[in-house]
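What follows is a single structure, written as structure tokens, with notes after it.
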Amino acid sequence: MKKKNIAELTNCSVEEYREVEKLPFCILLDNVRSMQNVGSILRTSDAFLVAEVVMAGITGIPPHKEISKTALGAEDSVSWRYVEDAVEECTHMKADGWTVCVLEQAHGSIDLMEFSPEEGKKYLLVVGNEVSGVDQRIVDMADIILEIPMHGVKHSLNVAVSTGMAIWKISDTLMKLL
Numbered sequence: 005m006k007k008k009n010i011a012e013l014t015n016c017s018v019e020e021y022r023e024v025e026k027l028p029f030c031i032l033l034d035n036v037r038s039m040q041n042v043g044s045i046l047r048t049s050d051a052f053l054v055a056e057v058v059m060a061g062i063t064g065i066p067p068h069k070e071i072s073k074t075a076l077g078a079e080d081s082v083s084w085r086y087v088e089d090a091v092e093e094c095t096h097m098k099a100d101g102w103t104v105c106v107l108e109q110a111h112g113s114i115d116l117m118e119f120s121p122e123e124g125k126k127y128l129l130v131v132g133n134e135v136s137g138v139d140q141r142i143v144d145m146a147d148i149i150l151e152i153p154m155h156g157v158k159h160s161l162n163v164a165v166s167t168g169m170a171i172w173k174i175s176d177t178l179m180k181l182l
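Every position in the sequence shown, counted from 1, becomes a number in the working numbering once 4 is added.
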């Protein structure tokens, strides 16, 4: 089996990508402190047609060399914006019809692999700070708490890794509903 070359891997230009219909799916980064994590989440969002990445609080925003290092240009293709207050943004988006999903370890959570998005709904996935997680006020208002079960010694995954897993799971189901 021969590996694909760069010409075979190229899907479209940034301009063409911006015109592609995106999924009814947004990500909110609640005080994500690592610029590399922000870049990685942008890159994954590009790969899976996430409509928008909202960066809140202390989350870094492009242009920034550490974001660009892992985003590899996705900061230009993915729609993103900054808001100061993640709690306020969740409140607004929920009022606007978005189903607020929090990726967090919590009592009463749903195993990520058991979750199936429903046709006709818009989903906002909130991920949090690398140390303190998602703000408890957002957890309290969430419609759904999603959790990735941990079976080893470590009790958590890197925020970009866990977000990537959730993006893949949710977008895969949403694409099948189209």
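C-beta: ideal position from N, C-alpha, C; glycine also.
Sub-8 Å separation of residue i and residue j beta-carbons
i              : j             : result
threonine 14   : glutamine 40  : no
valine 82      : methionine 59 : no
proline 66     : glutamate 79  : yes
valine 143     : glutamate 88  : no
glycine 61     : isoleucine 71 : no
isoleucine 148 : leucine 116   : no
methionine 52  : serine 175    : Note that residue 52 corresponds to phenylalanine in the displayed sequence, not to methionine. Result yes, Cβ atoms of phenylalanine 52 and serine 175 sit closer than 8 Å.
leucine 46     : valine 131    : no
isoleucine 114 : leucine 150   : yes
Nearest-angstrom Cβ-Cβ length linking residue i and residue j, presumed shorter than 8 Å
i             : j             : result
alanine 90    : asparagine 35 : 7 Å
threonine 177 : proline 121   : 5 Å
Local Cβ density within 10 Å of residue i, reported as buried at 16 or more and exposed below that
i              : result
glycine 156    : exposed
alanine 146    : buried
valine 24      : exposed
isoleucine 193 : A question about residue 193 goes unanswered here, because the residues of the chain that appear run from 5 up to 182.
glycine 112    : exposed
serine 44      : buried
leucine 182    : exposed
glutamate 93   : buried
Residues that DSSP places opposite residue i in a beta bridge
i              : result
valine 104     : Leu128
aspartate 80   : Partner(s): none; aspartate 80 has no beta bridge.
isoleucine 171 : Isoleucine 171 is not bridged to any residue.
leucine 33     : Met59 and Val131
glutamate 151  : Asp115
tyrosine 86    : Met59
Q. Is there contact here, the region 101 to 112 with the region 123 to 137, by at least three beta-carbon pairs under 8 Å?
A. yes
I'd like to know if the region 16 to 36 and the region 170 to 182 are in contact, where contact means that at least 3 CB-CB pairs between them fall below 8 Å. yes
Does the count of Cβ pairs from the region 134 to 142 and the region 10 to 25 closer than 8 Å reach three? no
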